[in-house]
Structures are given as structure tokens and as C-alpha cells.
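Protein chains in written order, with our numbering: chain G, 1 to 92; chain S, 1 to 560; chain C, 1 to 109.
A short write-up of the structure that comes next.
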Amino acid sequence: MGPALIAFALVVLGLLAQCLAMNRHHEQVLGGQPSARARWSLRVAGWALLVAGLAMSMATWGTSAGIAAWAGLLTVAAVCIVLALPDRSRER
Amino acid sequence: MRADGAPEGLRQSMSWLHTWAGLVVGWLLYAVFLMGTLSYVQSEITLWMKPELHRSVADEGTLTRAVRRMEALASGARSWTIGLPGGRETAVRVFWREPDTPQGRAATQRALLDAGTGEVLEARETQGAGFFYRFHFQLYGMPWIWGRWIVSIATMIMLIAIVSGVITHKKIFKDFFTFRRGKGQRSWLDAHNATGVFALPFHLMITYSGLLLFMNLLMPWGVDFAYRGDRDTYFAEASGRLTSGAAGTRQAGAGTAARVEGGRGGGGFHGDRDDGNSHVATVPLEPLIARVTALWKADGIDSVSINGRGTPEATVEFRRRGGGSLVDRGASDLLIFSAVTGELQPPPQTPPLTAARATYNVLTSLHLGRVAGPTMRWLLFLSGLAGTLMVATGVVLWVVKRAPDRRRLGRTPLGHRLVEVLNVAAVAGLPVAIAAYFFLNRLVPAGLADRADWEVRGFFIAWLLCFIHPLFRSYRQAWVEQLWAGAMLLALLPLLNALTGGSSLFSALVSGPRAVAAFDLVALAAGALLALGALRTSRHSMGARKEMRRHSVPSEARPA
Amino acid sequence: MSHAYGSDGVRAVSRAARHRLNVLSRVLAAAIGGYALAAVATACLSVVLPLPRADAAFLATLLSFFVHACVVIWAFAVRSSMHVWIGITGAIAVLALVAIVTRASGAPA
Chain G
1 MGPALIAFAL VVLGLLAQCL AMNRHHEQVL GGQPSARARW SLRVAGWALL VAGLAMSMAT
61 WGTSAGIAAW AGLLTVAAVC IVLALPDRSR ER
Chain S
1 MRADGAPEGL RQSMSWLHTW AGLVVGWLLY AVFLMGTLSY VQSEITLWMK PELHRSVADE
61 GTLTRAVRRM EALASGARSW TIGLPGGRET AVRVFWREPD TPQGRAATQR ALLDAGTGEV
121 LEARETQGAG FFYRFHFQLY GMPWIWGRWI VSIATMIMLI AIVSGVITHK KIFKDFFTFR
181 RGKGQRSWLD AHNATGVFAL PFHLMITYSG LLLFMNLLMP WGVDFAYRGD RDTYFAEASG
241 RLTSGAAGTR QAGAGTAARV EGGRGGGGFH GDRDDGNSHV ATVPLEPLIA RVTALWKADG
301 IDSVSINGRG TPEATVEFRR RGGGSLVDRG ASDLLIFSAV TGELQPPPQT PPLTAARATY
361 NVLTSLHLGR VAGPTMRWLL FLSGLAGTLM VATGVVLWVV KRAPDRRRLG RTPLGHRLVE
421 VLNVAAVAGL PVAIAAYFFL NRLVPAGLAD RADWEVRGFF IAWLLCFIHP LFRSYRQAWV
481 EQLWAGAMLL ALLPLLNALT GGSSLFSALV SGPRAVAAFD LVALAAGALL ALGALRTSRH
541 SMGARKEMRR HSVPSEARPA
Chain C
1 MSHAYGSDGV RAVSRAARHR LNVLSRVLAA AIGGYALAAV ATACLSVVLP LPRADAAFLA
61 TLLSFFVHAC VVIWAFAVRS SMHVWIGITG AIAVLALVAI VTRASGAPA
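Laid out in C-alpha cells, this is it:
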């Protein structure tokens with residue numbers, strides 16, 4: 001269970017970083033547009049975390065199942081993030 | 001595909017294709033997806049449907065007890081198999097064949113043993129979740145080959161819908177995390193996009209692998225042409241029994257276990273070589289069992305089989321639990337001993353894996369859920385749910401998107417009305433029918449003959465009612481009422497479970513079976529979700545509010 | 001089929017009919033023509049691929065659904081439905097020829 005949770009956490013953080021690297025969502029969560037540097041850093045960090053999550057996943061479940069599990073974890077992580085984002089449509 | 005025949009871009013033509021492909025097979029695909037998703041946990045569901053098995057608890061002595069029981073049950077049998085319970089079952093599954101009986105499933109005897117006492121258990125006759133599983137690839141009530149072709153055609157159309165959907169989705173990366181709530185059509189579109197894109201690798205995999213699993217039925221022309229119709233030779237060469245050209249065989253060293261393709265349940269059961277004449281003694285199994293148990297301490301033994309008992313070639317096969325690699329279809333280690341001498345035998349040779357075969361194995365293993373461990377299974381289950389919701393939001397979106405057209409017309413055209421009725425009957429009605437199936441499973445007396453047929457009949461009767469009901473109700477009323485019906489039936493399942501002989505949710509959470517607890521919890525969650533849907537729908541304006549006001553209220557009187 | 005004179009109603013009817021014909025034509029081309037093309041392509045690949053016969057047939061069949069899907073997408077993306085039919089029948093003819101010639105010239109079964 002432990003390694004699976006770690007893989008999931010890495011994937012969530014990675015996707016979150018990618019999310020915040022987008023103008024639209026950066027404004028939504030943190031307020032204000034991100035600088036070019038912030039965007040770059042968030043993207044790099046995001047990819048690094050996602051790759052780490054993939055590595056963790058492959059270490060836990062083996063190569064083939066690990067890649068498949070990583071895709072599944074991405075799905076769950078994406079759903080969690082989207083549901084957790086504040087609803088900007090109502091503010092308009 | 002514009003009605004005026006004017007030229008259009010790729011995105012527009014794909015949007016048209018996506019809409020119509022999706023609508024034509026949407027209701028069928030929703031059922032296939034939902035039934036398929038439930039099939040990922042069919043062992044768990046079937047266990048819930050057999051409360052007589054809930055109190056079987058395994059321990060270290062389970063296997064030896066089962067072996068002793070087999071000596072009594074199958075004393076004359078040449079071959080038997082004992083399948084030990086893992087996390088997904090509670091009872092011991094045993095198979096055997098009496099001497100001088102023909103090969104094949106019909107002559108195979110089977111029984112369930114209590115893992116704690118070794119006693120034979122009688123579970124109620126039911127199709128269990130096997131009904132859902134078979135429905136999802138060959139439907140019901142028609143020759144199986146028609147069912148498979150219909151589902152396969154729908155699957156190919158689904159593949160087209162996915163590809164056209166991706167092509168037409170303009171800002172697929174930019175809109176990745178976008179979910180606007182309370183905005184009517186746009187919210188439904190966002191939900192449809194999210195469930196589609198977040199599990200896109202899964203959707204592509206499940207669709208393509210579904211076609212692959214029927215490839216010999218759907219596309220035999222390559223084989224027929226290359227082999228001039230001799231399919232037997234093809235299958236022999238493909239499975240490595242014959243070598244064709246460069247294909248060789250792989251030698252596994254003595255003492256190393258061979259990986260043999262995973263079977264379902266009694267994998268090592270060959271049940272052949274039955275001449276009934278020789279009576280060579282068999283070594284006692286307890287030392288072998290102890291040796292293998294120690295060797296496979298972490299994973300444990302999945303099954304034990306004895307073949308050709310009484311002959312000099314008699315073998316004992318142990319299959320290991322686990323086998324998580326998708327490349328060899330979740331195959332697990334196999335140890336084969338001579339039943340006469342107790343010596344370890346060389347493992348069977350497996351042909352080397354081509355890249356094509358490995359690809360096939362990975363895709364089909366994921367489709368079939370040949371994965372090890374609860375986490376992988378949960379991930380597949382949740383992805384399947386995402387797919388089910390993707391289809392559901394799609395057909396709902398079709399109606400929502402055309403609300404302006406209906407307002408302009410002042411009425412609902414017959415085509416739209418048909419879609420409305422089918423939407424409710426399929427999307428909200430199927431959960432009602434499934435819940436009815438579970439209710440009948442517990443309410444129909446366990447001893448009644450044909451009770452399995454009654455469960456299935458009840459499912460279809462409930463579903464039929466869900467097709468008739470929307471004809472007499474408005475779109476919104478039909479949704480709200482069927483969603484509430486589904487919500488209540490599902491939420492009551494844990495109570496039904498406890499009152500009709502199953503392990504109650506509290507007891508299952510404390511001492512198992514884990515699968516039964518999971519079923520009850522998922523039923524509650526599903527009920528809550530449907531209830532939420534019912535509440536939201538009853539408050540929903542159904543796209544009427546803003547536009548209606550603009551037409552009916554004079555502009556001076558409209559609030560600022 | 002277009003009318004240079006007459007009421008809008010007549011033009012509208014012929015436009016609607018043309019649209020339906022267009023859709024039907026592409027659906028048939030994609031479904032039946034596409035399946036036929038995938039089948040012939042599979043047969044062709046099964047004998048053309050430089051692999052042991054069973055492996056070639058297996059790989060070809062594996063790819064067949066991808067081929068069919070591509071044909072369907074193409075059938076609805078192309079401007080003229082006539083082009084769709086010409087393309088599909090042409091491809092079937094070429095692939096069939098290659099398949100038959102390759103099998104005839106290869107080692108006997």
C-alpha cells in the first residue's frame with residue numbers, strides 16, 4: 001500500500017504543478033498570472049514529479065503493470081484535482 | 001457533414017462523426033461499459049451473491065484439509081485440482097473427474113469447501129456476476145455469435161468515436177483541468193471531456209483490446225489467406241506446438257519454475273490420460289506442500305493439481321499466487337513434481353514471445369483484468385467507471401445541446417423524444433435493473449429450482465419497466481424518479497445483505513470477507529451518487545430558465 | 001440535380017436528399033468498404049511480411065482494426081464521397097493483386 005500511495009502522491013503533485021503552470025488555473029488558485037520563470041519552473045517540476053511517479057510505479061508493480069498503473073493513477077489524480085479546484089464559473 | 005453540402009474542416013467533420021457515432025451506439029455502449037466495469041470485480045460480486053460462503057476463513061491448514069477432503073471426495077479420480085482462496089474468494093474450489101469419463105467441462109465435478117473446516121459447502125444456484133460478464137460481450141437472449149458481432153460492431157464505432165472525439169477536441173491540453181459547474185451545456189461538455197481525456201489511454205486500450213479478443217471471429221482473412229483455410233495449422237504454429245521457420249523453443253533450467261499462461265481457477269487441471277488400469281502409488285503430498293509453501297512464503301500457493309494419479313507419469317503441479325506481469329498474461333510460476341517419486345520435473349517449454357504477441361498480451365491482460373493485487377484492480381474499476389460516465393454524459397449532452405432547437409420549434413420532435421426516453425432507460429434504468437438483480441438474489445429462496453433464471457428474468461423485467469416509465473413522464477420527471485429508485489435500491493443493499501444471511505458490513509469490515517465489505521460500501525456510494533444526481537436534476541432548470549425569460553418577460557420589467 | 005429555377009422548397013428538398021445520400025454513401029464506404037479493405041490488407045500483410053507465417057498472420061490481424069479505423073476517419077474527412085469510393089476500391093484492387101502474386105510466388109504451404 002505504501003509504495004502505491006507514494007506513487008500516487010508524486011503523480012498528484014506533478015499534475016498539480018502542471019495545472020498551476022497554466023495562466024488560467026494559476027489565477028484561479030493563487031491569484032495573479034505566473035511569471036515566465038514560474039511557469040517554466042512549475043512545468044519542469046511537474047514533469048520531474050510525474051516521471052518519479054512512473055519510476056515508483058514500475059518499481060512497485062513491475063515494468064508493464066507499472067506503466068498501466070501509472071496511467072490509472074493519473075486518471076484518479078486528475079479527477080481529484082479538477083474536483084478540488086475552486087469553481088471560477090460562478091464568480092463571473 | 002453539413003446539410004448544405006458546403007466544405008468544412010477536419011474538426012467539423014469529425015465533430016459530426018463523433019456525435020452521430022456516439023449517439024447510435026451510446027446506449028448499448030453504456031450497458032457494455034457498466035457491465036464490463038462490474039466484471040472487473042465479478043469474483044467479489046459473485047461472492048456477495050452467495051452468502052453461504054461468507055463465513056469460510058482460510059488459515060495455514062486449509063490446503064492440507066482440502067487434500068484430505070479430496071481423498072474422500074475423489075478417491076477414484078485420476079486428476080483433481082484444489083484452488084485456494086485469495087483475497088477475492090473465501091472458499092476452496094475443487095474440481096475432479098471420475099475415471100472413464102470424457103474430457104471437457106461437462107464431466108468435470110466441482111465443489112466448494114469451507115477453508116476453515118474442509119466441509120463441503122452448498123451455495124445457492126446463481127449466475128452471479130457471470131451474467132454481467134457474459135452480457136457485456138455477447139448480450140443475452142440471442143445466439144452468442146450475433147451478440148458478439150453486435151458488441152464488436154459497437155466497439156469499432158466506439159473506437160471511431162474516441163478518435164474523432166480527440167481530433168475535434170480543440171484545446172485538449174489547455175482545457176485539461178477545466179470543469180465549469182452550473183453552466184448547463186458547458187458543464188456537461190466539460191464532464192464529458194474530463195471523463196474522456198483523463199482515462200484516454202484506458203479507453204483506447206479497452207476498445208482496441210476488445211476487438212483483439214475477438215480477432216479470430218472478426219478478421220480471420222489473414223489466416224485464411226496465408227494458410228489457405230487451414231486454421232488448425234495456424235493455431236498449432238501460433239501456440240508453439242509446431243515450429244514454423246525461425247521460431248524456436250526456450251529451455252528453462254532445472255529447478256527454475258516455468259511461467260505458464262495463467263488460467264482461471266483450476267489452471268493445472270488436465271484431466272486426461274485416463275486408462276483406469278495402472279495403480280502406481282503416489283507419494284504423500286504433505287512434505288511437498290510444506291516445501292513449496294516455504295519456497296513461496298510471500299505469495300503463497302494458488303492451486304495444486306494432481307494428474308494421471310495411479311500411473312507412472314502422475315504429476316503434482318503447484319501454481320504460485322501473483323503473477324503481475326502483463327506481458328505474459330499474468331502467468332505465474334509453476335512447479336511440477338512427479339507424484340510417484342516426488343522429484344522436481346523440468347518445466348514445460350514456452351515459445352519465445354514476439355513483440356506482437358507481447359503487445360497483444362499486455363492489452364488483453366488489462367482488458368481481462370489479469371492483474372495482481374487490489375490496487376491495480378481498483379484502478380481498472382475506476383477507469384471503467386470513468387468510461388461509463390463518459391458515455392452517459394455524452395448522450396445527456398446530446399439532448400441538452402439541442403434545447404434551443406426545441407425551444408425554437410416550440411415542441412420536442414419525435415427523434416429527440418426517442419433519445420430522451422432511451423437516455424433515461426439506459427443510464428438511470430440499468431442501475432435500477434442491476435439493483436433488482438441483487439435484491440432477487442437474496443429474496444428468491446435458496447432452494448428453489450431455476451432460481452438463477454428468476455434472478456435474470458427479474459433484471460430484464462425491471463429494465464423493461466424503466467423503458468416504459470419515461471414514455472409517461474416528462475424528461476425531468478423520468479430522470480428524477482428513476483435516479484431515486486436506483487439510489488434507494490442500491491443504498492438498501494447492505495441492509496438486505498445483513499438481513500438475508502450475508503456477512504453484515506460491520507462484521508465484514510472487522511473480520512472479512514473484505515470483498516463483501518467493499519461491495520456494501522460501493523453500493524452505498526453508488527446510491528449516494530444517484531441520490532445526488534436526483535436532487536440536482538429536480539432543481540435543474542433543464543436549460544429553460546434564462547432563455548424563457550428573455551422571450552416571455554418584457555425587457556423593461558427584467559431585473560438589471 | 002440542382003435546379004436553376006423553381007421555388008426554394010424544391011431546392012431544399014433536393015439538397016436534403018443529396019445530404020442523406022452523401023451520408024449514406026460514406027457510411028457504406030466506411031463500414032463495408034472499410035472492412036473489405038482491412039480484410040484484404042490483412043491477407044496481403046500476412047503473406048508479405050518477412051516473418052514466420054503464423055507471426056505474420058497474427059501481426060497483420062492485430063493491425064487490421066487500426067486499418068479499418070483509419071479508413072473510416074478518412075471516409076468522413078475527405079471532401080467528395082466519390083473520392084472515398086474510388087480510393088477504397090483502388091486500394092482493395094492493388095492490395096489484392098499484391099497478395100495473390102506474393103502468395104503464388106512464395107513457398108507452397
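The beta carbon of each residue, even a glycine, is placed where N, CA and C say it ideally should be.
At 8 Å on the CB atoms, spell out the chain C contacts of S:G5, in chain order. R15, R18, H19 and N22
Under 8 Å between beta-carbons, which chain S residues line up against C:H83? List them in chain order, please. Correct list: empty, because the minimum Cβ distance to chain S is about 13 Å.
Cβ pair S:P513, S:L47 closer than 8 Å: yes
The beta strand (DSSP E) with S:W80 in it runs from where to where? DSSP places S:W80 inside the beta strand (DSSP E), whose first and last residues are S79 to G83.
Report the three-state DSSP secondary structure of S:A314 (helix, strand or coil). In this structure, S:A314 counts as coil in the three-state DSSP scheme.
Name, please, each residue of chain S whose Cβ falls closer than 8 Å to the Cβ of C:A43. W221, G222, D224, F225 and A226
Taking the alpha-carbon of S:V327 as reference, which of S:L211, S:A355, S:F439 and S:L200 has the nearest alpha-carbon? S:A355
With DSSP collapsed to three states, give me the class of S:I336. strand
Using a Cβ-Cβ cutoff of less than 7 Å, which residues in the same chain neighbour S:L159 once the five nearest sequence positions on both sides are dropped? Hits under 7 Å: T207 and Y208.
Quick one: grab the DSSP three-state call for S:G330. coil
With 16 as the cutoff for other CB atoms within 10 Å, does S:D230 come out buried or exposed? exposed
Let me know if S:Y140 comes out buried or exposed under the rule of 16 or more other beta-carbons within 10 Å of its beta-carbon. Here S:Y140 is exposed. Its C-beta has fewer than 16 other C-beta atoms within 10 Å.
Decide if S:K170 is buried, meaning its Cβ has at least 16 other Cβ atoms within 10 Å, or exposed. Result: exposed.
In terms of residue numbering, what span does the beta strand (DSSP E) encompassing S:A103 cover? Note that residue 103 of chain S is Gln in the sequence shown here, rather than Ala. Element bounds for S:Q103: n/a, residue is neither H nor E.
Uninterrupted alpha helix (DSSP H) stretches inside the segment 497-530 of chain S (no shorter than 4 residues): 505-511
Assuming C:I73 contacts S:V163 (C-beta within less than 8 Å), just tell me the rounded distance between them. Yes, C:I73 and S:V163 are in contact; Cβ-Cβ is about 6 Å, under 8 Å.
Relative to the C-alpha of C:S46, which candidate in S:Q127, S:D175, S:L353 and S:V223 has its C-alpha closest? S:V223
Measure the alpha-carbon distance for S:A154 versus S:A358 and round it to whole angstroms. Taking the Cα positions, S:A154 is about 26 Å away from S:A358.
When the Cα of G:M22 is compared with those of G:S57, G:G2, G:A69 and G:R37, which residue comes out closest? G:R37
Does C:R103 get closer than 8 Å to chain S when you measure Cβ to Cβ? yes
Hey, is S:F33's beta-carbon within less than 8 Å of any beta-carbon in chain G? No, S:F33 does not count as interfacial toward chain G.
Would you give the residue range spanned by the alpha helix (DSSP H) that S:L189 belongs to? Q185 to F198
Would you mind giving the Cβ-Cβ distance between S:G324 and G:W61, rounded to the nearest angstrom? I have them listed as a contact below 8 Å. Going by Cβ atoms, the distance from S:G324 to G:W61 rounds to 6 Å, so yes, they are a contact pair.
Which runs of the alpha helix (DSSP H) at least 4 residues long sit entirely within the segment 419-448 of chain S? Give them in chain order. When DSSP assignments are scanned along the segment 419-448 of chain S, the uninterrupted stretches of alpha helix (DSSP H) that are 4 or more residues long and fall wholly within it turn out to be 429-443.
Residue nearest to S:R320 in terms of C-alpha spacing, selected from S:T350, S:V292, S:G308 and S:G342: S:V292
Report the neighbours of S:L380 on chain G: residues whose CB is nearer than 8 Å to its CB, in chain order. G72
Mark S:R146 as exposed unless 16 or more other C-beta atoms lie within 10 angstroms of its C-beta, in which case mark it buried. It is worth fixing the name first, because residue 146 of chain S is Trp in this sequence and not Arg. The residue is exposed, with fewer than 16 neighbouring Cβ atoms inside 10 Å.
CB contact check: C:I73 to chain S, cutoff 8 Å: yes
Length of the line joining the Cα atoms of S:I468 and S:L380: Answer to the nearest angstrom: the Cα atoms are 34 Å apart.
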